[in-house]
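In what follows, a structure is listed as structure tokens, so that the remarks can point back to it.
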């Protein structure tokens, strides 16, 4: 058991200890399961999927199951405000597409992924593995995951 | 300047130091400016406001400027899927209303507010002041604020 009270040598200030703990956290420790849709499905079906799965971001894949786009609630809400028939518009028309998508990898530091979420003003990052013919989506990292990590850091003492 | 290397007495383990730092953070240090709409405005106008302000949650107030409801992107997206004329439906029909709303106060600990966001599965909390005739909205605390705090904790060393 580690000592709870006493003198001990760390060579670091309190803030540095905290940062060390935070810096250990990786994307793989916190990410959620991704939900993907094919790039040919309709905007209507994508919205239905979003409500059924109760998530805020869908990832769009091609026939080879490689990442081609991202659909946020904001993208879908904007689409509903147009005069289009939602069941006839495929999602690839309205999605944010490669190369405008920001991704992360499971071994990335959580703080680096969090920084990407903030700097790009997005709610979720796809967690991907690079393949020969594109990027396979293996996870979803959201501001909810970061918020949970924040709470766990305190409750975990 | 604080020492960066050396022996020092803290009486605490590293994890406890980290928690102390986190525990100091309050809602008042991190919250954003709230955007409110009157409960009589249409769903269409609320969606327009959400895009103009580029935020994910609107707070709804009555004639006395007191909090009566919350509108998320999810609430608005659901409304657009109905067969209603969005410019004719007032937001008080579709909003989440008191007493189902979870609020926080500016002196609350950030971690407690973050816990409310997770447990209630919501994106934002209104920061309020209790008044005789209701609750005045003075801020907006979101998962984005928590994610920023998380990043700042590491970058701040």
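Residue numbers (this note's numbering), protein chains in the order written: chain A, 11 to 167; chain B, 11 to 167. Note that beta-carbon positions come from the ideal geometry of N, C-alpha and C, so glycine has one too.
When secondary structure is reduced to three states using DSSP, residue 129 (chain B) falls in the helix class. For the set B:50, B:87, B:65, the Cα lying nearest the Cα of residue 75 (chain B) is the one of B:50. The criterion of a C-beta distance shorter than 9 Å is not satisfied by residue 59 (chain B) and residue 78 (chain B). When beta bridges are read from the DSSP output, residue 106 (chain A) appears opposite A:80.
Here DSSP, grouped into helix, strand and coil, assigns residue 111 (chain A) to coil.
Residue 92 (chain A) sits away from residue 133 (chain A), with the two beta carbons spaced by 9 Å or more. Only those residues of the segment 125 to 148 of chain A whose C-beta falls short of 7 Å from the nearest C-beta of chain B are listed: 125, 127, 128. Per the coordinates, the alpha-carbon of residue 115 (chain B) lies some 43 Å from the alpha-carbon of residue 146 (chain A).
Contact between the segment 28 to 47 of chain B and the segment 148 to 160 of chain B is established, with three or more Cβ pairs separated by less than 8 Å.
Residue 161 (chain A) reaches chain B at 121, 124, 125, 128, counting residues in chain order whose Cβ is nearer than 7 Å. Around the beta carbon of residue 68 (chain A), 16 or more other beta carbons lie within 10 angstroms, which makes this residue buried. Judged by DSSP secondary structure, residue 139 (chain A) falls outside any alpha helix (DSSP H) and instead within the beta strand (DSSP E) spanning 134 to 141. By the neighbour-count criterion, in which 16 or more other beta carbons inside 10 Å mark a residue as buried, residue 158 (chain B) falls on the buried side. Straight-line spacing of the CA atoms in residue 106 (chain B) and residue 113 (chain A) works out to 33 Å. Check the Cα spacing between residue 53 (chain A) and each of A:161, A:32, A:90: the tightest is with A:90. Using beta-carbon distances, residue 67 (chain B) does not count as an interface residue toward chain A, since no partner is under 9 Å.
Around the beta-carbon of residue 160 (chain B), 16 or more other beta-carbon atoms lie within 10 Å, marking it buried.
Excluding the 5 residues flanking it on each side, residue 144 (chain B) has same chain C-beta neighbours closer than 6 Å at 76, in chain order.
Under the Cβ criterion of 9 Å, residue 87 (chain B) is counted among the residues facing chain A. DSSP, read as helix, strand or coil, puts residue 147 (chain A) in strand. Spatial neighbours of residue 121 (chain B) in its own chain (CB-CB distance under 8 Å, excluding positions within 5 residues in sequence) are listed in chain order as 32, 33, 35.
Per DSSP, residue 62 (chain A) is one residue of the alpha helix (DSSP H) stretching across 53 to 63.
Note on geometry: alpha-carbon atoms of residue 128 (chain B) and residue 148 (chain B) lie some 22 Å from one another. Cβ neighbours of residue 97 (chain B) within its own chain (closer than 7 Å, five residues either side excluded): 52, 54.
Setting aside the 5 residues that flank it on each side, residue 123 (chain A) is surrounded in the same chain by 37, 114, 135, 151, each with a C-beta closer than 7 Å to its C-beta; the list follows chain order. Contact annotation: residue 111 (chain B) and residue 86 (chain B) have beta-carbon atoms that are not nearer than 9 Å.
When the five nearest sequence neighbours on each side are left out, the beta carbons in the same chain lying within less than 6 Å of the beta carbon of residue 102 (chain B) are those of 49, in order along the chain.
Within chain A, the residues 133, 152, 153, 154, 156, 157 have their CB atoms less than 9 Å from the CB of residue 153 (chain B), given in chain order. A direct Cα-Cα distance of roughly 27 Å separates residue 71 (chain A) from residue 131 (chain B). Here DSSP, grouped into helix, strand and coil, assigns residue 93 (chain B) to coil. Under the Cβ distance rule, residue 83 (chain A) counts among the residues neighbouring chain B, one pair being separated by less than 9 Å.
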